[in-house]
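J.: Just so you know, we're using the numbering used here here: the sequence shown kicks off at 48 and counts up by one.
Below is a structure I'd like to ask you about.
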Amino acid sequence: MQQLADDLPSRLALGDLVPTLLDVLSTTPDPDAALVGFCRYVAARTPQGRVRSRVQADPRLLDILLQILGTSPFLSEILIRNPEYLYWLRQRLDAPPPDRVDHDTELDRLLDNAQGVEQQVNVLKRFQRREMLGVAARDLFRMLNRESLTTTTTQLSNLADTIVDRTLRIAAAEATVKLGPLPGRFAVIGMGKLGGGDLNYSSDIDLIYVYDASDEEAGAAHGRYQKLGRRLTSLLSDHTAEGYLYRVDMRLRPMGQGGNLDVRAVRAPQGAGHRGDLDLGRRFVDMVTPFVYRKYLDHAAIEELARYKARADREHARHGDLDVNIKEGRGGIREVELFAQVFQLIYGGDRPTLRTGHTLTALDQLGALDFIETDVQEDLSTAYIFLRNIEHGLQAAEGQQTHSLSASARGLRALARRLGFDEIETLTAVLDRHRDRVHAIYANLFTTRRARKGWPGASCSACWPARSTTTSRDAHGSRRPARGEPGRGAAGDQGAGRGAVAGPVVLAQSPGEPAGVLIRLEKAVARAGAPAALYRTLLEDDELRRRLLIGLDAGDLFAARLAAYPELLDFLTAVDLDRDAFRAAVVAPSTR
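As structure tokens, this is what we get:
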């Protein structure tokens, strides 16, 4: 403070400001940090007297400044680096939250004089920083309820959507200059929390790039869109003196990080999409929706969710942060999301209202459809809102992708005050209560499911025809089935155990020669990637089992195609099939 009072007029002005300053400081999450930040902010302005007079004349301006300085070192640096943003914030907070049209209008103005790709991207980075400051400032002065959380995540998602779109335009314009007009069409699909309009302050953005081109253009299009996709990712995620825009996660594309950066879009009906060519994006999303929300119970996907959480628990237990990680830890954000996703996978094929990437909306729909009890829906929603507000507080404070509570008492105290608690103990008591309830609901879901869908231990040999007992020895002397007979090796012991239970059903319901159907079934299931789950699905889904048996009974061609392309199983449930016509269709190619 002494630095701000180096002459008599300054001392007198500061003396007049001190009572108001102290009153506001006492309401901030971290008064010491707010005071230090205030001194730095005023010192960065010239002349300093004008700043003092303005905040003294407008108590609201002082409140905005100190609340930000006492909440987030990350946001404080943005404000100190750009002191003029304070007056912009004063106006922004009195206006409705901006939408994408507002963002586009402002960016048109800001980009008008930017020359070259580097300048244009730097404009986007400065714009993003300012808008992030605006979102966080609005968040500080709202009740931490569902409405405020939804407003915040929607604003963050709209901002990311606008930034991705503008960056794509910049990259596409650059590519056109270098390579000529781009053939076909290109779209960016937002996945994960971006796709659900539920982004955090420091989320990665999950993207998929798709393109569509005529057969004549396909050769040129693939290479050019590969380059465009890589350039777009680079512009979004590379660090420069102005920072970076977003961390981009491309692992959701086919074959993950090792796969192509773009996916050729197949012509399909219209649906919903993201940026670039919106019609292409909508068609792509509509095309893949039946493969996400399937008409049959997808045990493999459900079990993978449980395995993912178990792996995460083991990893965090190894690092010793299960109790402090409010996302991946016990009773955390992830358990609420996985709970909702299990029901979405089970019922989303028949209930379009469940097909949402927004967890709170999914919980609302599950309650409205009576798939979960009202108290479960309310408890999970309340806990999720509380946990997400903690997550936002942690990420907005440091500008980093963190989900762990501070190890210091000062950090925990600041978080508690940010959330409206006077004491750390009150915060931790409420947090523990929410996490205990979430974990109890989540654990009961999978415990109940395992008990209900449990599999009896059975010998595989009990269900195969007598001739399957013929054996030979492989090069290592291990037992193996005779050529052409059903066996255990391809699907593994666990898959064979499931097959042992499915075998009698197949034998009883095969439309033709059961032994041949069993042989083909095992070969096809072995390639499916999750044989145990598929056997379970076949037992529970009468229509899928009926259609599959028709195809397998028709001969080896259908089984070979299914083994080579397991995704064809989805096709069996995605279309209406006439039994005789379907059987004729799969038999005909093998007779030609």
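Yeah, the Cβ is synthetic: ideal placement off N, Cα and C, and Gly gets one too.
1. Return the residue from the list 386, 250, 297, 268 that minimises the CA-CA distance to residue 352.
2. Do residue 239 and residue 405 count as a contact pair if the criterion is CB distance below 8 Å?
3. Do you know offhand how far residue 106's Cα is from residue 143's?
4. Assign residue 403 to one of three DSSP states: helix, strand, or coil.
5. Can you name, in chain order, every residue of its own chain whose Cβ lies under 8 Å from the Cβ of residue 486, other than the five neighbours on each side?
6. Could you pull out every residue in the same chain whose Cβ sits closer than 6 Å to the Cβ of residue 402, ignoring the five residues on either side in sequence?
7. Nearest by alpha-carbon distance to residue 135: which of 121, 413, 157, 108 is it?
8. Is the segment 139–158 in contact with the segment 259–277, if contact means three or more CB pairs nearer than 8 Å?
9. Going by C-alpha to C-alpha distance, which of 178, 255, 71, 471 sits closest to residue 335?
10. Run through DSSP, which three-state label would residue 237 get?
11. What would DSSP say about residue 296, mapped onto helix, strand or coil?
12. Please classify residue 456 as buried or exposed, where buried requires at least 16 other C-beta atoms within 10 Å of its C-beta.
13. With burial defined as no fewer than 16 other Cβ atoms inside 10 Å of the residue's Cβ, what is the status of residue 297: buried or exposed?
14. Per DSSP, which residues does residue 475 bridge with? Please list them.
15. Report the rounded CA-to-CA distance for residue 128 versus residue 222, giving the unit in angstroms.
16. If we ignore side chains and look at the alpha-carbon of each, how far apart do residue 140 and residue 295 end up?
17. Tell me the residue span of the alpha helix (DSSP H) that contains residue 602.
18. Relative to the alpha-carbon of residue 591, which residue among 603, 165, 619 has its alpha-carbon at the smallest distance?
19. Does the beta-carbon distance from residue 215 to residue 178 come in below 8 Å?
20. Is residue 440 near residue 413, with beta carbons less than 8 Å apart?
21. On the three-state DSSP scale, how would you describe residue 67?
22. Give me the Cα-Cα distance between residue 443 and residue 168, rounded to the nearest whole angstrom.
23. Just tell me which of 436, 482, 451 has its CA closest to the CA of residue 467.
24. Tell whether a beta-carbon distance below 8 Å holds between residue 248 and residue 258.
25. For residue 66, does the count of other Cβ atoms within 10 angstroms reach 16, so buried, or fall short, so exposed?
26. Determine the extent of the alpha helix (DSSP H) in which residue 265 is found, giving its start and end residues.
27. So for residue 393, helix, strand or coil by DSSP?
28. For residue 465, tell me which candidate among 92, 132, 188, 287 has the shortest Cα-Cα distance.
29. Determine the burial state of residue 116: buried for a count of at least 16 other Cβ atoms within 10 Å of its Cβ, exposed for fewer.
30. For residue 264 versus residue 231, is the C-beta spacing smaller than 8 Å?
31. Spatial neighbours of residue 184 within its chain, please: C-beta separation below 7 Å, excluding the five flanking residues on both sides.
32. Can you tell me the Cα-Cα spacing of residue 131 and residue 180, whole angstroms?
33. So, with DSSP's three-state summary, where would you put residue 491?
34. Can you tell me whether DSSP reads residue 250 as helix, strand or coil?
35. Is DSSP giving residue 205 helix, strand or coil here?
36. Just verifying my parser: in three-state terms, what is the DSSP assignment at residue 372?
T.: Looking at the coordinates:
1. 386
2. no
3. 21 Å
4. coil
5. 377, 378, 382
6. 340, 395
7. 108
8. no
9. 255
10. strand
11. strand
12. exposed
13. buried
14. According to DSSP, which records beta bridges pairwise, residue 475 is partnered with nothing at all.
15. 34 Å
16. 30 Å
17. Element bounds for residue 602: n/a, residue is neither H nor E.
18. 619
19. no
20. no
21. helix
22. 23 Å
23. 436
24. no
25. exposed
26. 265–284
27. helix
28. 188
29. buried
30. yes
31. 111, 115, 136, 140
32. 12 Å
33. helix
34. coil
35. helix
36. strand
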